[in-house]
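Participant: In my numbering, the protein residues as written are 25 to 743. Submitted below is the structure of interest, expressed as structure tokens.
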Amino acid sequence: MVDSPIDGRGVTIRQLFTGRRFGLDFYQREYTWDREDVSALLEDLCNRFMASWQDTHDREQVDSYAPYFLGSFVCYKEGSTTFLVDGQQRITTLHLLLIHLRRLLLDQDLEDEATQLDQMICTLRHGKVTFTVDVPERAELLGALRQGVGLTLPSDTTISLSNLWARSQDLVEDFPDLLRGDALPYFHDWLLDRVCLVEIKALNRENAWEIFESMNDRGKRLDSIDLLKSFLLSESRSMYDELNALWRKMLARLTAMGRNTPSEFIKTLLLAQKADLVEGADDTKKIDFAFHEWVRESRDRLELRSSADFRNFIEWLTEMANRYRRLIEATRSLEAGLEPVFYNAANGLDAQIRLIMAAIRSSDDESVFIEKSRLIASYLDLLYVRKAVNNEPVAPSIFQSEADRLVPALRECDGPTDLSETLGKEISSLANFSAVDSYGLRPDNRRQVRYLLARMTAYVEEGCGRPNRIVEYLDEKRPYEIEHIWANHFERYQAEVKTYKKFESSRNRLGALLLLQKSDNASFGDDTYEQKLVYYFRQDCLTASLCIESYTRNPKFLSFIKAVGLTADFKAFPVRFGVDAIQSRQHLYRKLCERIWDPVKLGFNLSEAPSNDESVQRRKRAYYRVQVVDLITAGLIKPGAVLTANRGEDSYSATIDHDGRIRVPSGEVFASLSAAGRFVLDAGACPGWDFWKVETPNGPTPIKAVRNDALERGIISRK
């Protein structure tokens, strides 16, 4: 028997990046993945890994975790270089992920694992570094990322380089919080040995392109959309022409918004209004894999019994498609009445569409549709901001879990009034904006800080009669950047702050930050405060409010701050901007947040608060197993207990609040041990349960040991 001239085999991530050098032919398209693509990859990897991981596992047990398949890629080899014909987007992104993961491992002092990754990221020969994805124009950028140093790209940089840099920043900001702590080394092992692709190795360039074209252009199989249409039309038994015309019109309008939009619409609608979402049900997996089969199997549940039922079902789908299309349009451009939909899309909260579709009825008129959509999107926006300022995780996967929890309740809401009351109860259980008083910029929350500054800046601008520039402020290309009022010169403020740690903490407080155009920020970012004031007065009204001239030459500004009751909170700082000024500004920003995200003004009924914190616990249980609050409830740790930690010659401390959150000496409060550890270390990752120790009768003991002992003795249990 003659062997096939084309070789196809499975490879793990470790095998993919070990002993390889990938190249791209000159005709290859640019690297074009966007933030949504990277977020989806991270979310998928995190969800699959977390379904298997337990923090009491030995690392060897990772070998039994469920694998994850990332698809196929097509390549051919010339000399020592493997040229990618199909798959460069995924492999380039995985290469970026390995670079970022290496730095997180170093933050946890996992130097052996980091060295192993470095050998997969690049090779060193004769003093020259060659990256595994070897594209000459990318070498300087990848080198900067590997070294963890900044890089300024020229204005005329290529699309690939611009996207590479942007996606590297997305990895820093969007890497799941759940993977930054004790799970990190396990995730490293799983990623390398349990995530795999299929490599299709061709004979040469021409053969590779033939394979690629055959896979993508020839013999296209019927997909779920086609099969669903065939099933529904065949069962309708009449009006074929009319129903087919309706279906084709729906398909054309949805496809115009994106090739995969029709399938995403059907999946979203079925999950929103028809699927069983109770824990243990497998409707979600079935719908995601083959929704046409799910509809066929669920015909009784969907009340598809007569031919008329099938005709009505098709008409219902086409009507709901119009609502779905409106929502997708609202995620892409600011629309009056649907502004929160746009804001959530900017924050990657794709779960909002499913939640909104759960409450929408085909009989809703335009005003009811708009109001329902606005209320649900406003709730998610409020939830996102409250979580962010309270240093709780805001990864998209968390909001997917929130959607699963809320969909059944929203299905039962008849109109906006019911929605207002249902969501008002949820809001009553959320933490408030008091944490803004100590909130600040960290490596892992830059996107959230930028969003807060954008919303506050736009709010003040619009209140002063100026155009709302929120679309520019939130532009993914980042024409606006975070500006530190304090330049990065410790010596200028040493007399007041004493230590460099205090300087960094003060400089990164929210009250010491502004949002400015990138070009302006670069031109005077290093100036003294007195020099900056000249520039600040020419900027937006929130920035200009630092200047005394705003209170003497801007009647619209004065009218605005009076109208919103902030006359006493807006203050000029015409000479110096010290620690007291930062705290004053911090207080102002809290007041602005409370007005922008005022639940009552957003239309929510808060009259009925929950009798206990069950909803808060349900929300947390979706993402964590054992928590510090469980140790408090069991009497193993007392509120106010002091945590201590050491790294090298440095010592750190924190205290445990009554609700299990961790408070560091500078005032910030964190939802997890890992997040608190990352903050005090100024690092991207920290194994919180291992890092922190608590005083016990046996002396300082890792809090992980307290937890594990309680689990073994049955004092607490995993939820």
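Using N, Cα and C, we set each Cβ at its ideal position, and we do this for glycine too.
Taking only the alpha-carbon atoms, compute the straight-line gap between Y497 and V222 and give it to the nearest angstrom.
Facilitator: Translated into positions along the sequence shown, residue 497 becomes position 473. Translated into positions along the sequence shown, residue 222 becomes position 198. Rounded to whole angstroms, Y497 to V222 spans 41 Å at the Cα level.
Participant: Does the pairing of the region 195-210 with the region 66-86 give three or more beta-carbon distances under 8 Å?
Facilitator: yes
Participant: Using the Cα positions of R671 and G712, report the straight-line distance between them to the nearest angstrom.
Facilitator: Within the sequence shown, the letter at position 647 stands for residue 671. Within the sequence shown, the letter at position 688 stands for residue 712. C-alpha separation (whole angstroms): 13 Å.
Participant: Looking only at its chain, what residues have a beta carbon closer than 7 Å to the beta carbon of H212, apart from the 5 residues adjacent to it on each side?
Facilitator: Working through the sequence shown from its first residue, we reach residue 212 at position 188. Cβ within range, chain order: L125, L129, E137.
Participant: Please report the residue range of the beta strand (DSSP E) in which S719 lies.
Facilitator: For this step, residue 719 is matched to residue 695 along the sequence shown. The sequence shown places Glu at residue 719, not Ser. It spans 717-720 - the beta strand (DSSP E) in which E719 sits, taken as one unbroken run.
Participant: Give me the DSSP bridge partner(s) of S219.
Facilitator: Your numbering for residue 219 matches position 195 in the sequence shown. Here residue 219 turns out to be Val, not Ser, going by the sequence shown. DSSP lists Y92 as partners of V219.
Participant: Tell me which residues share the same chain as G701 and place their Cβ nearer than 6 Å to its Cβ, disregarding the 5 neighbours each side in the sequence.
Facilitator: Here the question's residue 701 lines up with position 677 in the sequence shown. For G701, where only same-chain residues beyond five positions count, the Cβ hits under 6 Å are C710, G712, F715.
Participant: Is the beta carbon of V693 sitting closer than 8 Å to the one on S462?
Facilitator: The residue given as residue 693 occupies position 669 in the sequence shown. The residue given as residue 462 occupies position 438 in the sequence shown. Their beta carbons are under 8 Å apart, which means V693 touches S462 by this criterion.
Participant: Could you compute how far the alpha carbon of K411 sits from the alpha carbon of R737?
Facilitator: Residue mapping note: residue 411 aligns to position 387 of the sequence shown, counting from 1. Residue mapping note: residue 737 aligns to position 713 of the sequence shown, counting from 1. About 34 Å.
Participant: Please state whether DSSP places L465 in a helix, a strand or coil.
Facilitator: In the sequence shown, counting from the first residue as 1, residue 465 sits at position 441. Reduced to three states, the DSSP call for L465 is coil.
Participant: Which residues in the same chain have their Cβ closer than 8 Å to the Cβ of N71, if we skip the five residues on either side of it in sequence?
Facilitator: Here residue 71 refers to the residue found at position 47 of the sequence shown. Closer than 8 Å at Cβ, skipping near neighbours: S421.
Participant: Which residue spans inside the region 446-506 form an unbroken alpha helix (DSSP H) run of at least 4?
Facilitator: 470-487, 494-497
Participant: Under a three-way DSSP split, which group does F561 fall into?
Facilitator: Working through the sequence shown from its first residue, we reach residue 561 at position 537. The answer is coil: DSSP assigns F561 none of H, G, I, E or B.
Participant: Looking at C-alpha atoms only, which residue of E60, Q52, E520 is the closest neighbour of A605?
Facilitator: By one-based count along the sequence shown, residue 605 stands at place 581. Looking at the Cα atoms, E520 is the closest of the given residues.
Participant: Taking the alpha carbon of L215 as the point to measure from, which residue in I224, E266, L122, R283 has its own alpha carbon closest?
Facilitator: Counted from its first residue, the sequence shown places residue 215 at position 191. Answer by Cα proximity: L122.
Participant: What does a CB cutoff of less than 6 Å around V640 pick up in its chain, not counting 5 residues either side in sequence?
Facilitator: On the sequence shown, position 616 is the one that residue 640 refers to. For V640, the predicted structure reports a pLDDT of 42, less than 50, and the residue's modelled location is therefore unreliable. The matter cannot be settled from this model.
Participant: Ordered along the chain, which non-local residues of its own chain (more than five positions away) have a Cβ less than 8 Å from that of K101?
Facilitator: Within the sequence shown, residue 101 is the residue found at index 77, counting from 1. Closer than 8 Å at the Cβ level, and outside the excluded window around K101, lie F107, K225.
Participant: Where DSSP assigns a beta bridge to E102, which residues make up the other side?
Facilitator: Counting from 1 along the sequence shown, the entry for residue 102 is found at position 78. Looking at the DSSP output, E102 bridges to T105.
Participant: Tell me which residue opens and which closes the beta strand (DSSP E) that T147 is part of.
Facilitator: For the purposes of this step, residue 147 is taken as residue 123 along the sequence shown, with counting starting at 1. Its beta strand (DSSP E) spans residues 146-149.
Participant: Distance, Cα to Cα, D31 vs G103?
Facilitator: The count along the sequence shown starts at 1 and reaches residue 31 at position 7. The count along the sequence shown starts at 1 and reaches residue 103 at position 79. Cα-Cα distance, rounded: 17 Å.
Participant: So, under 8 Å CB-CB, G361 and R398 are touching, yes? Tell me the CB distance rounded to an integer number of Å.
Facilitator: For the purposes of this step, residue 361 is taken as residue 337 along the sequence shown, with counting starting at 1. For the purposes of this step, residue 398 is taken as residue 374 along the sequence shown, with counting starting at 1. At roughly 6 Å, the Cβ-Cβ gap stays under 8 Å, so G361 and R398 are in contact.
Participant: Quick check: the Cα distance between V219 and Q112, rounded to an integer number of angstroms?
Facilitator: Locating residue 219 in the sequence shown gives position 195, counting from the first residue. Locating residue 112 in the sequence shown gives position 88, counting from the first residue. Approximately 17 Å between the Cα atoms of the pair.
Participant: Starting from the N-terminal side, write out each stretch of the beta strand (DSSP E) that is 3 residues or longer and does not extend beyond the region 143-210.
Facilitator: 146-149, 152-155
Participant: Closest to L539 by CA distance: which of Y517, I509, L557 is it?
Facilitator: Numbered from 1 along the sequence shown, position 515 holds the residue referred to as residue 539. The candidate whose alpha carbon is nearest that of L539 is I509.
Participant: So the candidates are A296, E288, Q424, L407; which of them puts its Cα closest to the Cα of R385?
Facilitator: What you label residue 385 is simply residue 361 of the sequence shown in a count that begins at 1. Considering only alpha carbons, the answer is A296.
Participant: Note down, in chain order, each residue of its chain lying with its Cβ closer than 8 Å to the Cβ of D468, except the 5 sequence neighbours on either side.
Facilitator: For this step, residue 468 is matched to residue 444 along the sequence shown. The residues are V196, E197, F199, D201, R204, R702, G708.
Participant: Assuming A669 contacts Y676 under a Cβ cut-off of 8 Å, what Cβ separation, rounded to an integer in Å, is found between them?
Facilitator: By one-based count along the sequence shown, residue 669 stands at place 645. By one-based count along the sequence shown, residue 676 stands at place 652. With a Cβ gap of about 5 Å, A669 and Y676 count as contacting.
Participant: List the residues that DSSP assigns as beta-bridge partners of T668.
Facilitator: Residue 668 sits at position 644 when you count from the first residue of the sequence shown. According to DSSP, which records beta bridges pairwise, T668 is partnered with S677, K717.
Participant: So the beta strand (DSSP E) R33 belongs to, where does it begin and stop?
Facilitator: As a first step, residue 33 must be located in the sequence shown, where it is residue number 9. Residues 31-36.
Participant: Closest to V653 by CA distance: which of F548, D674, R33, I740 is it?
Facilitator: Reading the sequence shown from its first residue, position 629 is the one you call residue 653. Answer by Cα proximity: I740.
Participant: Please report the straight-line C-alpha distance between Y264 and L257, rounded to a whole angstrom.
Facilitator: In the sequence shown, residue 264 corresponds to position 240, counting from 1. In the sequence shown, residue 257 corresponds to position 233, counting from 1. Their backbone Cα atoms lie some 7 Å apart in a straight line.
Participant: Pairing CB atoms from the region 357-371 with CB atoms from the region 282-299, are three or more of them under 8 Å?
Facilitator: no
Participant: Compare the C-alpha of S543 against each of I506, Y613, Y553, A536 and name the closest.
Facilitator: For the purposes of this step, residue 543 is taken as residue 519 along the sequence shown, with counting starting at 1. Taking only the C-alpha atoms, the option nearest S543 is I506.
Participant: Kindly indicate which three-state DSSP category R533 falls into: helix, strand or coil?
Facilitator: Residue mapping note: residue 533 aligns to position 509 of the sequence shown, counting from 1. The answer is strand: DSSP assigns R533 an E or B state.
Participant: In three-state DSSP terms, what is V652?
Facilitator: Translated into positions along the sequence shown, residue 652 becomes position 628. Note: V652 maps to helix in three-state DSSP.
Participant: Restricting to Cα atoms, I'd like to know which of S696, N414, L407, E436 is closest to Q424.
Facilitator: Residue mapping note: residue 424 aligns to position 400 of the sequence shown, counting from 1. Among S696, N414, L407, E436, the Cα nearest to that of Q424 is on L407.
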